[in-house]
Each structure stands twice: as structure tokens, then as C-alpha cells.
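*Asks:* Line by line, the protein sequences give chains A and B.
For what it's worth, the UniProt record's numbering labels the leading residue of the first sequence as 1, then goes sequentially.
For what it's worth, the UniProt record's numbering labels the leading residue of the second sequence as 1, then goes sequentially.
Beta carbons: idealized from backbone N, C-alpha and C, even for Gly.
On a predicted model such as this, the values are computed, not experimentally measured, just so you know.
First the structure, which I've put down as C-alpha cells, then a few questions once you've had a look.
Number of protein chains: 2
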Amino acid sequence: MNTIASASAVRKVHVPLGERAYDIMIGPGLIARAGSEIASRIKGRKAAVITDEHVAPLYLDALKASLDAAGIASADVVLPAGEKTKSFEHLINVCDKVLEARVERNDYVIALGGGVIGDLSGFAAGIVRRGVRFVQVPTSLLSQVDSSVGGKTGINSRHGKNLIGVFHQPDLVLADTDVLNSLSEREFRAGYAEVAKYGLIDKPDFFAWLENNWQAVFAGGSARIEAIAVSCQAKADVVVADERENGQRALLNLGHTFGHALEAATAYDSSRLVHGEGVSIGMVLAHEFSARMNLASPDDARRVEAHLKAVGLPTRMSEIPGTLPPAEMLMDAIAQDKKVKGGKLTFILTRGIGRSFVADDVPASEVISFLKEKHP
Amino acid sequence: MNTIASASAVRKVHVPLGERAYDIMIGPGLIARAGSEIASRIKGRKAAVITDEHVAPLYLDALKASLDAAGIASADVVLPAGEKTKSFEHLINVCDKVLEARVERNDYVIALGGGVIGDLSGFAAGIVRRGVRFVQVPTSLLSQVDSSVGGKTGINSRHGKNLIGVFHQPDLVLADTDVLNSLSEREFRAGYAEVAKYGLIDKPDFFAWLENNWQAVFAGGSARIEAIAVSCQAKADVVVADERENGQRALLNLGHTFGHALEAATAYDSSRLVHGEGVSIGMVLAHEFSARMNLASPDDARRVEAHLKAVGLPTRMSEIPGTLPPAEMLMDAIAQDKKVKGGKLTFILTRGIGRSFVADDVPASEVISFLKEKHP
Chain A
1 MNTIASASAV RKVHVPLGER AYDIMIGPGL IARAGSEIAS RIKGRKAAVI
51 TDEHVAPLYL DALKASLDAA GIASADVVLP AGEKTKSFEH LINVCDKVLE
101 ARVERNDYVI ALGGGVIGDL SGFAAGIVRR GVRFVQVPTS LLSQVDSSVG
151 GKTGINSRHG KNLIGVFHQP DLVLADTDVL NSLSEREFRA GYAEVAKYGL
201 IDKPDFFAWL ENNWQAVFAG GSARIEAIAV SCQAKADVVV ADERENGQRA
251 LLNLGHTFGH ALEAATAYDS SRLVHGEGVS IGMVLAHEFS ARMNLASPDD
301 ARRVEAHLKA VGLPTRMSEI PGTLPPAEML MDAIAQDKKV KGGKLTFILT
351 RGIGRSFVAD DVPASEVISF LKEKHP
Chain B
1 MNTIASASAV RKVHVPLGER AYDIMIGPGL IARAGSEIAS RIKGRKAAVI
51 TDEHVAPLYL DALKASLDAA GIASADVVLP AGEKTKSFEH LINVCDKVLE
101 ARVERNDYVI ALGGGVIGDL SGFAAGIVRR GVRFVQVPTS LLSQVDSSVG
151 GKTGINSRHG KNLIGVFHQP DLVLADTDVL NSLSEREFRA GYAEVAKYGL
201 IDKPDFFAWL ENNWQAVFAG GSARIEAIAV SCQAKADVVV ADERENGQRA
251 LLNLGHTFGH ALEAATAYDS SRLVHGEGVS IGMVLAHEFS ARMNLASPDD
301 ARRVEAHLKA VGLPTRMSEI PGTLPPAEML MDAIAQDKKV KGGKLTFILT
351 RGIGRSFVAD DVPASEVISF LKEKHP
């Protein structure tokens, strides 16, 4: 009974990337059904499950039992949690374990965890035997709506984040919405910033729906599944149009230029700021900056801020605990993230809610004056 | 005058891989012209040149001068020569240097060297910023006709050779035939084994042409350029039909199953056996085994052996200096290279010269009896 009820609640988003096409399944009970979902789609019967020490105690046994029941032999690797795990050191270890598990080209690496585990495992899956199959089981809202869609994988270098990696599309994504109940409020809200982002990029109706239904999304159930499905579909649409990020895929960075600068300015200290919080503040700044450039109405910026505030996300730089470096240093961080060519920057700006666009001629001088105003 | 004469002698092989299409230029004087050849095709103006300590003193200055003259800024990395360089340790170093040189997605990594340098540099080019441009300047006959065509890149793992890597097609290959004059006879011959292979796979006329013209190929000049161009075209045809090796690309392994087993049996000691020599013996064995299986005439095997012997390549296991392990151990090495399923192996066999095919049901018992006969 339970299984039938669960199955019917599951939404499917198809990502039509030709011979790299795949499905994203979204709904309750998917970890318990992972083995059969995988076995019905992928030929191999060997898996290496990559996870971290926070997620392993919660879901690893259930996932392995489900694989076992479907006749899939699995090895597992439990890594330290956190951004530092996205290193060559851990990549080498994971590749070695995947080879030890005799995973062949039709077998798979399964990422059970958030963005860090997904990025690292996807990279390993992309390079072992020049590419084995890859299954994502994202366990945070952020990874369900963002990092598990699109095929970007990678690790960090001393020169910057995500500078080493490959595009390697998953063969299947299983976004089990039950696992979101174990997230803290703060983690859930941080992921929600990316959900709101899809409305702000080009889905004004979805943004309006979120304004009216966010409590239901936070509460769980069908509204949550709907919000995740719309988000995955939105990201999939952008990725299909521009898989390797030559143009429009940059829209996904709405709010991220300011956000990344704030993350760098707080030294990626998650006690002060997590990625989604930086994106929340960054999206408000992007709307305010667009208004200042006379591209959009200030009312839109106010509306964006009101909604993000309502769900409990920070919307102002002043809300970040501790002291922020001066505006000039934030500008340096932006200039490192985005190349400055002849005093001009590429930025995601907007003409209003759901009307964002890639601007490649934003004067750096305007950005710095704006930052000084916002953070005197 | 010189430039015009050189330019007219240059052959071009186009590899039509859609948006990954590229040209292979083959002929004299290409290192001196590298800067302009690259600048006319690729947008970026920054390069990281990867080479080894044997090749650097011969060609690095000339290449860098040519880049400089074309307005391309270049950094360089000189690595130890030899197979051991295909390691994670050197990969990390190369990635770091490429990032330090501020190579962006439209800039390039240039591989100046043989197969080891090409495989390692191509892998780095494939993963830095999830893929930057890649230019190959192969300096051995083997890398000009084999490893620089097809996009396979990678490093070795303690679990085996080439187990970690990506498919990353070059944007341009510059096969400067002048550099082949600096190769030893033994190195040139080893590369020639792969040239002959293309005739044996599916170009009987080319094999006959080689029988009549091999002295001219060894002497240099237009026959050599012709042989390299036909080889690159042959490999390109196979790669275009099966870029990611799901089927027919396996034909390129003619002679390689036995050859790899012999390389493993001699612990990759190049004083005893180099890759091309293993392939030479392996091709004779593949033809003899095919005759034994009543697929081809023994006359074909004799003809293959006569030609490879004429150019000075080894054709018999007994020619390998030192003691070989017993046939059973050679069989173990083959079984590790190729998976054995239900006592059956996949092997490249032949119905005669230029009529090779992928056989996926070769009884392991037949292979072992054959090996015992050949190596009692």
C-alpha cells in the first residue's frame, strides 16, 4: 500500500540531452526503491557508493539494502563532511576504491549526499575508465534543485573553487524528499534560495506561487515536491540549451557574483554564511543594482527582499555576523570571480521579476559605487 | 622560399567529429610554424607547453619562439621522461601550472612529446576549468600515427595502465615529420608497427604499398608523409565511427592483446621490449592464431611476418631478450586485460590481410593451447 502511494507521488523530470539523456525522480521513499529504479535503467550490477560521515549513519544502510535486494553488489566509501573533501587527495582515494570494487563502464558510482559528495563522486565517475555510469542520490534541498542537475563535477584547487573537473551527466537522479525532513531549518532555507532563484530568472508565475505557498513547501508534502520538480525542470531547460556553459547557462548565476564575493569575504565559514544565504543576499543586491542602473523598478527589488525575508533568509550584508571587509575588497573578490575586460564586467542583471539577462558590459565603477553605498 | 616549399609538402587530415572536429597537419617545418597555425584556428593567446626532459632541449625553444612570434604567451613544464610520469602526482603538478599560467577555456595546453606527454597533457587539458583547448605536437612516429589521434587521454593507476582519464579531443595536431629524423632506428621501427597495423586491419592495398615502399618510408620524404597521413586517416575513420569505444574502435587493438601480455610479462622494461615491438609480435600471433582457427590462410601470417622481419621488427616471442614466464602466466595477463566471460574472450582476429574483425567468443582454451605451442 505504502509503495503504491509513494510511487504515485513521485514526479519525473526528463533531461533530454541526446545520448546523455536521463531522468530525475522526485518524491518520497526513493532511497528504499533505489535498487529497483537503478536496475530497471542501467545494465551493470556493481556499484561504489560514495557518501560522508554525516549522511552515512542516516541512509547508507537503507540504500545498500535496496541495492542488495535488486542484485546489485556495492562497495562504499565514507568521506569527511565539508568543502575540504573536494580535493585531489580524496579524488585519488575514491578512484582507487571504485577500481578496487571492479566497477566497469556499465556499472556505476552512486553519490549519496549533498553538493560536495555529488561534485567529487561525479568527477571520479567521469574519469575512472574514462567514464563509468553515475547515479545521484542528493540528500540536501540545495543539491536536489541545483548541483545534481547539469553534469558539472569537480574539486577545488589552491587557485579557486571547482577549477578542476569534467562535465559528466548522471544516468539517474533520485531525489528522495523524505530525507529533507532531517535537514535543519537553516539548511532547508539555504536550499530554498536556489528554488526562488528559478522564479526570478524567468518564471514570474512560479515566484508568485512561491510567495503564496512557501509555508506549504517548508512543511513538506506535495507543494514541496512541486517546487523541487519545477526547479529541476527549470535548470534542465537551461542546461539542455547550453550544456557546456557557452552563454545562457550563465543565468543560473543570478545572485551568485555578489554571493560568491560574500562567501569569500567570510572565508567560507559556514557559521557566518552558507552558500544559499550568500545567494539570497546576492539576489537582492542584483535586483537593487538593476534598479540603480534604471533597468528594473525598485518595487521588484523590494518584493524579492520581502519574500526572502519572510522565509527567514538574510537579505542584507549587515545581517552577516562579524565584520565584513570594506567594499573595495568585496570588489576585488568579484573581479577575481569574473574577469574584468577594459573596466567592464559580465553580470546577471534583470529587467524585473522573471526577466533576468546576461549583461557583459557592466562598468566596474558602477559596481563599486553601489557596494560602497550598501556597505559604507 | 623555404616556407612555401614546406607548406606545399604538408598534408592535412580532417577528423569530422561535429563540434569536436579538428585537423591533423603532417609534414616538415610544422614546429617552426606552430604559432601561426594555432593562432589562425584558436581564439586564445595563452598556452602552457608540457614536454619532457628528452624533448625539451631539442624543440622547446623553437616552439616557444614560434608561439611568441604569433603573439601567444607561453609557460612551460618539463617533466621526467617515461611511463612513470603518467601519475596523479604529475597530473596535479601540470594542472597547477596550467592554472598558474592563467589558461582560460579558449586558451590551450600544448603537448610537445610522445605518447606519455600527450596522454598526461590531454588529461590535464580535459579537466582544468572542465576543459580547455588542446594542441598536440607529437614527436615520435608512434604518437604521430596513434596516440595523438582519437582523444583518449589518461594516467596509470596501481590497478593498471590508462585506467584514469577522459576523452578529450585535440583542437589541432601538428605532426612535424622533421622531428622523426632524431629518433633512433629502434624507436622509428616500433612506431612503424602501428603503421603496418592499419594496413592489416582493413587496408590491404596500403599493406602491399608498405611492402614495396617501406625503405622510402624509413628514409623520410614524401613516402613517409604519405604513410603517416594514411595512418592518421585510418585511425580517424575508426574514431569517427565509434568515438567512445563501444564497438568497432576495438579493431585498433589488433595485435595488442598478445602485445600487452608480452609487455606485462617483461615488466614494461623497454630494454627488453617496447610497445611497438610487442604489437609486431602480437600481430603475427593474431594472424597465426586466426589461421589455426581456420579463419585465414597460413600464407597471410607468413606474409605479415616476412614484412615485419624485413623492416627489422621482432616477430617471435623467442626474440625477446631474457626469459619469458610460462604460457599459463601469459594467459593470466591476457585474462586480466580482457574479461573472460564463460570461458570466452573478445579478441581481434582476421580472415586475411586487411580483413580483421572483433570476435567476442574466442575459447580461452584455444588461446592457451596456441600459446603453449608457440612458447613451449
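List the whole-angstrom C-beta distance separating A291 (chain A) from S297 (chain A), where the pair is believed to meet the contact cut-off of C-beta under 8 Å.
*Replies:* About 7 Å separates the two Cβ atoms, so the contact holds.
*Asks:* For chain B, find out if any of its Cβ atoms is closer than 9 Å to the Cβ of L99 (chain A); answer yes or no.
*Replies:* Yes, contact with chain B.
*Asks:* Does DSSP put R11 (chain B) in a helix, in a strand, or in coil?
*Replies:* Correct three-state label for R11 (chain B): strand.
*Asks:* Going by DSSP, what residue range makes up the beta strand (DSSP E) through L345 (chain A)?
*Replies:* Note, L345 (chain A): beta strand (DSSP E), 344 to 350.
*Asks:* Consult DSSP for N162 (chain B) and reduce its assignment to one of helix, strand or coil.
*Replies:* Note: N162 (chain B) maps to strand in three-state DSSP.
*Asks:* By how many angstroms is the C-alpha of A175 (chain A) removed from the C-alpha of M25 (chain A)?
*Replies:* Going from the Cα of M25 (chain A) to the Cα of A175 (chain A) covers about 6 Å.
*Asks:* Would you report the Cα separation of I368 (chain B) and G191 (chain A), rounded to the nearest angstrom?
*Replies:* Whole-angstrom Cα-Cα distance: 59 Å.
*Asks:* Opposite G27 (chain B) in the DSSP bridges: which residues?
*Replies:* Answer is B:D176.
*Asks:* Let me see if you follow: with CB-CB separation under 9 Å, is F357 (chain A) close to chain B or not?
*Replies:* It does not; no Cβ of chain B falls within 9 Å.
*Asks:* Compare the C-alpha of R41 (chain A) against each of A:N106, A:V94, A:A48 and name the closest.
*Replies:* Ranking the options by Cα distance to R41 (chain A), first place goes to A:N106.
*Asks:* Which residue comes first and which comes last in the alpha helix (DSSP H) that contains V217 (chain B)?
*Replies:* Its alpha helix (DSSP H) spans residues 204 to 219.
*Asks:* If we call anything under 9 Å between Cβ atoms a contact, is G118 (chain B) one with T153 (chain B)?
*Replies:* Contact flag set, yes.
*Asks:* Which residues, taken in chain order from the segment 222 to 252 of chain A, show a beta carbon closer than 7 Å to some beta carbon of chain B?
*Replies:* The segment 222 to 252 of chain A vs chain B, Cβ under 7 Å: nothing.
*Asks:* Taking Cβ to Cβ, would you say E226 (chain A) is nearer than 9 Å to F167 (chain A)?
*Replies:* Going by C-beta atoms, E226 (chain A) is not nearer than 9 Å to F167 (chain A).
*Asks:* Just to confirm my understanding: we take H14 (chain A), look at its own chain, exclude 5 residues before and 5 after, and list those with CB closer than 6 Å. What are they?
*Replies:* Taken in chain order, the residues that qualify are D23.
*Asks:* Does the pairing of the segment 171 to 188 of chain A with the segment 248 to 266 of chain A give three or more beta-carbon distances under 8 Å?
*Replies:* Contact fails: fewer than three Cβ-Cβ distances are below 8 Å.
*Asks:* Starting from A223 (chain A), trace the alpha helix (DSSP H) in both directions and tell me its first and last residue.
*Replies:* From DSSP, the alpha helix (DSSP H) with A223 (chain A) extends over 222 to 241.
*Asks:* Can you tell me whether G322 (chain B) is buried or exposed? The criterion is at least 16 other CB atoms within 10 Å of its CB, across all chains shown.
*Replies:* Exposed is the call here.
*Asks:* Less than 9 Å separating the beta-carbons of residue 408 (chain A) and V135 (chain A)?
*Replies:* Lying before the first or after the last residue shown, residue 408 (chain A) is absent from chain A, which here runs from 1 to 376.
*Asks:* I need the straight-line Cα distance from L251 (chain B) to A234 (chain B), nearest angstrom please.
*Replies:* Between L251 (chain B) and A234 (chain B), the C-alpha separation is close to 11 Å.
*Asks:* Given this structure, state the Cα-to-Cα distance separating S147 (chain B) from L60 (chain A), to the nearest angstrom.
*Replies:* Cα to Cα, S147 (chain B) sits roughly 42 Å from L60 (chain A).
*Asks:* For A111 (chain B) versus V137 (chain B), is the C-beta spacing smaller than 9 Å?
*Replies:* Yes, Cβ-Cβ distance for A111 (chain B) and V137 (chain B) is below 9 Å.
*Asks:* Just to confirm, is the Cβ distance from L345 (chain B) to I334 (chain B) under 9 Å?
*Replies:* Cβ distance < 9 Å, so L345 (chain B) and I334 (chain B) count as in contact.
*Asks:* Evaluate G343 (chain B) with the Cβ neighbour count: other Cβ atoms within 10 Å of its Cβ, from every protein chain shown; 16 or more gives buried, anything less gives exposed.
*Replies:* Answer is exposed; the Cβ neighbour count stays below 16.
*Asks:* Quick one, which of A:E19, A:T85, A:R20 has its alpha-carbon nearest T51 (chain A)'s?
*Replies:* It is A:T85 whose Cα lies nearest to the Cα of T51 (chain A).
*Asks:* For V77 (chain A), which beta-bridge partners are listed by DSSP?
*Replies:* The partner list for V77 (chain A) (beta bridge, DSSP) reads A:I50.
*Asks:* Consult DSSP for V109 (chain A) and reduce its assignment to one of helix, strand or coil.
*Replies:* Residue state, collapsed to three classes: strand.
*Asks:* Would you call the CB atoms of A364 (chain B) and M317 (chain B) closer than 9 Å?
*Replies:* For A364 (chain B) and M317 (chain B), no; Cβs fall outside 9 Å.
*Asks:* In chain order, which continuous runs of the alpha helix (DSSP H) of length 4 or greater are located wholly inside the segment 89 to 150 of chain B?
*Replies:* 115 to 127, all fully within the segment 89 to 150 of chain B.
*Asks:* So if I threshold CB-CB distances at 8 Å, which residues from the segment 4 to 34 of chain A count as touching chain B?
*Replies:* For the segment 4 to 34 of chain A, which is checked against every Cβ of chain B, not one residue is closer than 8 Å.
*Asks:* Looking only at its own chain, which residues have a Cβ that is under 8 Å from the Cβ of R272 (chain A), when we skip the five neighbours before and after it?
*Replies:* Here the set comprises T266, I320, P321, G322.
*Asks:* In chain B, which residues lie less than 7 Å from I164 (chain A) when you measure between Cβ atoms?
*Replies:* By Cβ distance, chain B contributes C95, I127, V128.
*Asks:* Anything in chain B within Cβ reach of G154 (chain A), meaning under 7 Å, just list it in chain order.
*Replies:* The answer, in chain order, is R130.
*Asks:* State the Cα-Cα distance for the pair I353 (chain B) and E288 (chain B), rounded to the nearest angstrom.
*Replies:* Going by the C-alpha atoms only, they are around 12 Å apart.
*Asks:* Using DSSP bridges, identify the partner residues of Y22 (chain B).
*Replies:* DSSP lists B:V15 as partners of Y22 (chain B).
*Asks:* Using CA atoms only, rank isn't needed, just tell me which of A:V55, A:W209, A:S222 is closest to V10 (chain A).
*Replies:* Taking only the C-alpha atoms, the option nearest V10 (chain A) is A:S222.
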